[in-house]
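Here is the structure we will look at.
Numbering (mature numbering (1 follows the signal peptide of the UniProt record, and there is no 0)), first residue to last: -21 to -1, 1 to 262.
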C-alpha cells in the first residue's frame, strides 16, 4: 500500500519511550523483522497505534471547546508535557489507555495547559493498574490510574459516569472526542482543549477495514469527515462521548494520515471492561 510510518513511532510490543508511552524496538531490530518476516512489512506500513510523540499532536480540525465544559477531562503529563488524555471516573481514579503507562502527573480542571490556571489540580499517580492481558499490541488497551490524593470536585473538576456492562451503542449516532494538541499535520500544537464530532460506525465495517487488528468484543470505531476532523496522535486514552456518556478510549488509527476518512478511528470499548474496572477500584 506504500504507507509510511509516523516519524519516530512504531506499533509492536516494545516501543520508544516518549512521554508516558512504552519503549520501542531499535531501528536495527525493525530492519531485521522486515527482512525475516514479510508479513510484518505490510503491518508496519499500514497501521500504527496512537502513540504520544515529541510533536504532541492531537485533535485535527475540530474546534476549541468551551472552557471547562468537559470537567472530567484529564491531561496526563510526563515532565510537565501533555502525553495522553484520560477521564476522571472517581475522585481518586483516572481511566486511560494502557500504552500511556509511565511516571506521570495528572492535570485536572485545565483548559489551557500552557498556563497555570487557578482551576487546575496537579496530582501524582500512586499506582498504575494496567490490564494484565495487555501486551503492547491492540487488545486490552486500558489502564486505571490511582491518584496519590483525591481530586477536589467543583465546577471545573467533575467525574464522568461509566456505561452499563456490555450495553449496545447504536451505529450512526453523533459522538464527540476531545483532547489537547495539534490541529493539523504541519501546524503547531494547541494548548487549549479541542473537540470534534464523529459518528459511530457499524462493527462489521470496522472489521472489514482493520481486519485482525479490530476486536469487535472490546473495540468500537467511528467515521468522520475531513472537514470535522477528529482524534490523532497524542489523544490516546481520551474519551469518545456518545449520548453524554464516555463509551470509548482513543486507541489507534492510520499513522501517516489520521484524518483519512477511509480508515475509521478505533477506541477501546469501556463497557466491555466494567467488571475489571469495578474490581480494581475496590482494591
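We put the beta carbon where it would ideally sit given N, CA and C, even for glycine.
Following the continuous alpha helix (DSSP H) through residue 257, name the residue where it begins and the one where it ends.
Start at 1 with the first residue of the chain shown, and residue 257 comes out as number 278. DSSP places residue 257 inside the alpha helix (DSSP H), whose first and last residues are 253 to 261.
Taking residue 230 as the reference, give the member of 258, 253, 208 and 201 with the closest Cα.
On the chain shown, position 251 is the one that residue 230 refers to. The shortest Cα separation from residue 230 among 258, 253, 208 and 201 belongs to 201.
The segment 127 to 141 in contact with the segment 42 to 56 per 3-pair CB rule at 8 Å
They touch, by the three-pair rule.
Residue 195 to residue 75, Cα distance in whole Å?
Taking the chain shown and counting its residues from 1, one reaches residue 195 at position 216. Taking the chain shown and counting its residues from 1, one reaches residue 75 at position 96. In this structure, the CA atom of residue 195 is about 19 Å from the CA atom of residue 75.
In terms of alpha-carbon separation, which member of 188, 150 and 123 lies closest to residue 217?
Start at 1 with the first residue of the chain shown, and residue 217 comes out as number 238. The shortest Cα separation from residue 217 among 188, 150 and 123 belongs to 123.
Going by Cα to Cα distance, which pick from 113, 174 and 101 is closest to residue 71?
Position 92 of the chain shown, counting from 1, holds the residue named residue 71. Looking at the Cα atoms, 101 is the closest of the given residues.
Any idea what DSSP makes of residue 188, helix, strand or coil?
Taking the chain shown and counting its residues from 1, one reaches residue 188 at position 209. In this structure, residue 188 counts as helix in the three-state DSSP scheme.
Using the Cα positions of residue 81 and residue 109, report the straight-line distance between them to the nearest angstrom.
Here the question's residue 81 lines up with position 102 in the chain shown. Here the question's residue 109 lines up with position 130 in the chain shown. C-alpha separation (whole angstroms): 11 Å.
Can you say whether residue 55 is buried or exposed, counting buried as having 16 or more other CB atoms within 10 angstroms of its CB?
As a position in the chain shown, residue 55 is number 76, starting the count at 1. Buried.
Going by DSSP, name the residue or residues bridged to residue 91.
If you number the chain shown from 1, residue 91 lands on position 112. Paired residue(s): 171.
So what does DSSP say about residue 48, is it helix, strand or coil?
For the purposes of this step, residue 48 is taken as residue 69 along the chain shown, with counting starting at 1. Taken through DSSP and simplified to helix, strand or coil, residue 48 comes out as coil.
Among 180, 169, 130 and 174, nearest to residue 248 - alpha-carbon criterion
Indexing the chain shown from 1 puts residue 248 at position 269. With distances taken between Cα atoms, residue 248 lies closest to 180.
Whole angstroms is fine: what's the gap from residue 223's alpha carbon to residue 260's?
Within the chain shown, residue 223 is the residue found at index 244, counting from 1. Within the chain shown, residue 260 is the residue found at index 281, counting from 1. Those two C-alpha atoms are separated by around 23 Å.
Which residues bound the beta strand (DSSP E) around residue 139?
The count along the chain shown starts at 1 and reaches residue 139 at position 160. It is not in any beta strand (DSSP E) - residue 139 carries neither H nor E in the DSSP assignment.
Please work out which residues of its chain come closer than 6 Å, Cβ to Cβ, to residue 182, disregarding the five sequence neighbours upstream and downstream, and give them in chain order.
In the chain shown, counting from the first residue as 1, residue 182 sits at position 203. Around residue 182: 195.
Counting C-beta neighbours from all protein chains within 10 Å, is the total for residue 177 16 or more, i.e. buried, or is it exposed?
The residue labelled residue 177 in the question sits at position 198 within the chain shown. Burial state of residue 177 is buried, judged by a 10 Å Cβ sphere holding 16 or more other Cβ atoms.
Taking the straight line between their C-alpha atoms, what separation do you get for residue 258 and residue 96?
Indexing the chain shown from 1 puts residue 258 at position 279. Indexing the chain shown from 1 puts residue 96 at position 117. The alpha-carbon atoms of residue 258 and residue 96 are separated by roughly 34 Å.
Under the assumption that residue 118 contacts residue 197 (Cβ atoms under 8 Å), give the Cβ distance between them as a whole number of angstroms.
Sequence index remark: in the chain shown, residue 118 carries index 139 (1-based). Sequence index remark: in the chain shown, residue 197 carries index 218 (1-based). Right, the Cβ-Cβ distance comes to about 6 Å (below 8 Å), so this counts as a contact.
Whole-number beta carbon distance between residue 215 and residue 64, since they are thought to touch under 8 Å:
The sequence position of residue 64 within the chain shown is 85, counting from 1. The sequence position of residue 215 within the chain shown is 236, counting from 1. With 8 Å as the limit, residue 64 and residue 215 qualify as a contact, their Cβ atoms being about 7 Å apart.
Of the residues 105, 98 and 79, the one placed nearest residue 61, counting alpha carbons only
For the purposes of this step, residue 61 is taken as the residue at position 82 of the chain shown. Nearest C-alpha to residue 61: 79.
Could you tell me the alpha carbon to alpha carbon distance between residue 143 and residue 246, rounded to whole angstroms?
Against the chain shown, residue 143 aligns to sequence position 164. Against the chain shown, residue 246 aligns to sequence position 267. One C-alpha to the other measures close to 17 Å.
Nearest to residue 99 by CA position, among 93, 88, 105 and 158, is which residue?
Locating residue 99 in the chain shown gives position 120, where the first residue counts as 1. Scanning 93, 88, 105 and 158 for the CA closest to the CA of residue 99 turns up 88.
For residue 105, is the classification buried or exposed, using 16 other Cβ atoms within 10 angstroms of its Cβ as the cut-off for buried?
Translated into positions along the chain shown, residue 105 becomes position 126. With fewer than 16 other Cβ atoms within 10 Å, it is exposed.
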